[in-house]
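Report on one structure; see the data block that follows.
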Amino acid sequence: MIFSKIILRKKFTVFDIGTAGCPQNFYEEGGKSSLQMPAWLVSKGLNVFEYQCGKGVRFGQKFANDLKNKARQHGVTLTLHAPYYINLATVEPAKQKRSAGYILDSLAAAQAMGAIRIVVHPGSAKPQRGSALERAVTLLKKIIAEADERHLLDDVTLCPELMGKRNQLGNLDEVIALCQVDDRLIPCIDFGHLNARTSGSLKSPSDYRFICERLANELGTERMRTMHIHFSQIEFGKAGEIRHLTFEDQLYGPYFSDFSEVIHELKMRPIFICESAGTQDVDALLMKEQLGNPAGT
Numbered sequence: 065m066i067f068s069k070i071i072l073r074k075k076f077t078v079f080d081i082g083t084a085g086c087p088q089n090f091y092e093e094g095g096k097s098s099l100q101m102p103a104w105l106v107s108k109g110l111n112v113f114e115y116q117c118g119k120g121v122r123f124g125q126k127f128a129n130d131l132k133n134k135a136r137q138h139g140v141t142l143t144l145h146a147p148y149y150i151n152l153a154t155v156e157p158a159k160q161k162r163s164a165g166y167i168l169d170s171l172a173a174a175q176a177m178g179a180i181r182i183v184v185h186p187g188s189a190k191p192q193r194g195s196a197l198e199r200a201v202t203l204l205k206k207i208i209a210e211a212d213e214r215h216l217l218d219d220v221t222l223c224p225e226l227m228g229k230r231n232q233l234g235n236l237d238e239v240i241a242l243c244q245v246d247d248r249l250i251p252c253i254d255f256g257h258l259n260a261r262t263s264g265s266l267k268s269p270s271d272y273r274f275i276c277e278r279l280a281n282e283l284g285t286e287r288m289r290t291m292h293i294h295f296s297q298i299e300f301g302k303a304g305e306i307r308h309l310t311f312e313d314q315l316y317g318p319y320f321s322d323f324s325e326v327i328h329e330l331k332m333r334p335i336f337i338c339e340s341a342g343t344q345d346v347d348a349l350l351m352k353e354q355l356g357n358p359a360g361t
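Structure (structure tokens):
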């Protein structure tokens, strides 16, 4: 029978993995513009590009259209990192207005380029964490209401990021609280940041499992499984994050190999963004390899 000739193959999940910005190799190989990144990433075996607006949204409609078309042509998913200086917890009305504007501008920019998520820094936890979180929640509700009026959340998801310094708003509890403002929000869990602000707490698969199960309990299984993930190894000190490293680091961690089996076990389908220092592409491919070969099997 013809069916006897069919060879059954093990099915591997195709994960969405890419880079934050343009890696060093991109420039060393002659890359000049972010418009070249979709084709370049696909040539390396990656499929997500997180466009960096850390210093502000500084591009026009033509660039947005061109990047959207390039990404669609090559099957690359786009996400966008909003300006670093957003502070949802500020007590100053003028700064609240500016932070809201930065987020709304980022949502509009993401929509223009076809990006499906934006990552947002929550801001400062000073002078007191509890009141800072209350202010952040209040301002975030106002931003979401205005975004809905402008239909900016119709096809873009806002992702509050877990931050790496202890004096920053954005520990695990605070990211959960921000995401509980609206069911459409998805957490950006930066595991390098989490490890840095907790003095190296991610040491085994069970540590990652605990985080994911906590997210599932607080935000629901779907938001846990589809979370936005930033991953890099990070040097840390008493105050938390010091600097991003590469996967060659053997001292600080965290190590993606401890996480990969949990991702399969919990049937997760996140977007992975590698934020290694200059080697985002190389280390993203290591992540992809480890995901295709969980627990070294």
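Going left to right, the sequence shown walks through residues 65 to 361 as my numbering numbers them. Virtual Cβ for every residue (Gly too), placed ideally from N, Cα, C. Being a predicted model, the structure only gives us computed values, none of them experimental.
query	result
Contact set for Met426: own chain, Cβ-Cβ below 6 Å, skip 5 residues either direction	For the chain, the structure presents residues 65 to 361; residue 426 sits outside this window and is missing.
Any non-hydrogen atom of the ligand SAH closer than 7 Å to Met177 Cβ	For the ligand SAH, the structure offers nothing, since it holds no ligand at all.
Pick from Pro87, His308 and Ser97 that is closest to Gly256, judged by C-alpha positions	His308
Inter-residue Cα distance where the pair is Pro87 and Glu339	9 Å
Exposure of Asn151, with buried meaning 16 or more beta-carbon neighbours within 10 Å	buried
Integer-rounded CB distance, given that Asn231 should sit under 8 Å from Lys190	6 Å
Cut-off 7 Å between Cβ atoms - residues of its own chain near Gln175, not counting five sequence neighbours on either side	Leu216, Asp219 and Val220
6 Å Cβ shell around Ile207 - same chain, five flanking residues per side excluded	Ala164 and Ile167
Simplified DSSP assignment, three categories, for Tyr272	helix
Residue closest to Ala158, alpha-carbon to alpha-carbon, out of Tyr148, Asn129, Thr141 and Leu203	Leu203
CA-to-CA distance, Met227 to Gly95, given in whole angstroms	30 Å
Whether Leu222 touches Ile253 by CB criterion (8 Å)	no
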